[in-house]
Amino acid sequence: MLETSARLLKLLSLLQAHREWSGPELASRLGVSTRTIRNDVERLRALGYPVHATPGVAGGYRLGAGAALPPLLLDDEEAVAVAVGLGRAAGGGVEGIEETSVRALAKLEQVLPARLRRRVQALNSYTVQAAYRIPGAPAVPPELLTTIANAARDHERLRFDYTGHDGDDTVRDVEPHRLVHRRGRWYLVAYDVERRDWRTFRVDRIRPRTPGGPRFVPRELPADGDVAAYVERGISTALVRHRATLLVHAPAGRLGYLARLGMEARPRDEVSCLVEVGGDDLEGLAVWVGFIREDFEVLDPPELAEAVGRLAERYRRAAGDRSGPGGRPGPE
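Shown next as structure tokens:
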């Protein structure tokens, strides 16, 4: 039985390595008869692998795409490449797949041999990712994300040192629920055991302690189980140094893309809307609101309007236009 299972894995690896094999080629590689190959192909089909067979002298076997994704076999180099790629995507290199990448990376690292895990960690430590990153968004090591994801998956409590927004350090003992990527940052939604309430933590401020805690029975999250909405409300009500209100000269329905940037447009009338946004730094906030693709006005605070004006002057000078203050008059 063991011999048959090992042979099936080898056969699957061969089918994944090349587009098509003839029966005699596979039989020669595995040291069995072509009849055994036919039987093994049937076994793979029963397991959900769509192995297609073409009859005739020029025919053979090939692995096709099925309705569901069956388990894949990866060699050492492929496993390292996938793990590193998932780590890059988890860090925000590809918009919209950060959370999915962390879940996949956690599953992969669970089964990686120690020698391959060390190679992945070395590549992540000694290579630089030159991908687009939202301004001000802190980098989070992939190994920290997978540590948290594994604890949430296995229902194991986490203990960590945490630096709050006020700079104070505390020790937390939590039941991790979900990792959420919002506004360019990673957040952990967890039940704080000592405070007996749900909390949202910025992952870049977490320093895990080992060992962790015991297993726990998962709790129901407030907000009807909508983790993303829960985190968004927490971010919106969190203490920030500056809050701003913008008047955007476009209907709210045209600004759906702002949700990816953590902004929400509220209709004002048929041709304009209001957008509220907050941040810790006025200059950074001035850059952030520049992602709005429509004309807008800063209603409040006036300090942000001044910061936007300074940024506009810098951009104007960078473009070689001296028509602003201190330059030649522009056309009327």
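Counting in the UniProt record's numbering, the final residue of the sequence shown is number 332, and the numbers go up one at a time with none missing.
All C-beta atoms, glycine included, are put in the ideal place defined by N, C-alpha and C.
From a predicted model like this one, the values you see are computed outputs, not experimental measurements.
Straight-line Cα distance separating asparagine 150 from glutamate 20
38 Å
What is the rounded straight-line gap between the Cα of glutamate 306 and the Cα of glutamate 276?
17 Å
Identify the continuous alpha helix (DSSP H) that holds tryptophan 198 and give its terminal residues.
Counting along the chain, tryptophan 198 falls outside any alpha helix (DSSP H), though it belongs to the beta strand (DSSP E) covering 197-202.
Using the beta-carbon count (16 or more within 10 Å), is alanine 259 buried or exposed?
exposed
Beta-carbon within less than 7 Å of leucine 14's beta-carbon, same chain only, minus the 5 sequence neighbours each way: which residues are those?
Trp21, Leu26, Arg29
CB aspartate 204 to CB valine 140, shorter than 9 Å?
yes
Could you give the DSSP three-state label for isoleucine 206: helix, strand or coil?
strand
What's the call for glycine 31, buried or exposed, on a 16-neighbour Cβ count within 10 Å?
exposed
Are there 16 or more other CB atoms within 10 angstroms of the CB of threonine 146, so buried, or fewer, so exposed?
buried
Checking 9 Å against the spacing of the C-beta atoms, do aspartate 168 and leucine 158 come in under that value?
no
When you compare the CB positions of arginine 266 and alanine 228, do they come within less than 9 Å of one another, or not?
no
Other residues of its chain near valine 271: CB distance less than 8 Å, five sequence neighbours each side excluded
His249, Ala250, Pro251
Taking Cβ positions, are tyrosine 187 and threonine 200 nearer each other than 9 Å?
yes
Counting pairs of beta carbons, one from the segment 41-51 and one from the segment 72-87, are three or more of them closer than 8 Å?
no
Could you check if valine 180 is buried or exposed, using at least 16 other CB atoms within 10 Å of its CB as the buried criterion?
buried
Nonlocal neighbours in the same chain, by C-beta distance under 6 Å from residue 334, ignoring five residues either side
The question about residue 334 has no answer, for the chain in this structure spans 1 to 332.
Quick one, which of Arg202, Val189, Thr245 has its alpha-carbon nearest leucine 221's?
Val189
Within 9 Å, strictly: CB atoms of leucine 282 and glutamate 313
no
C-alpha gap between alanine 104 and arginine 310, whole angstroms:
44 Å
Return yes when the Cβ of leucine 274 is within less than 9 Å of the Cβ of histidine 242, no when it is not.
no
Restricting to Cα atoms, I'd like to know which of Arg209, Ala81, Lys10 is closest to phenylalanine 160.
Arg209
What ranges does the alpha helix (DSSP H) occupy inside the segment 242-327, keeping only unbroken runs of at least 4 residues that lie completely in it?
282-289, 302-318
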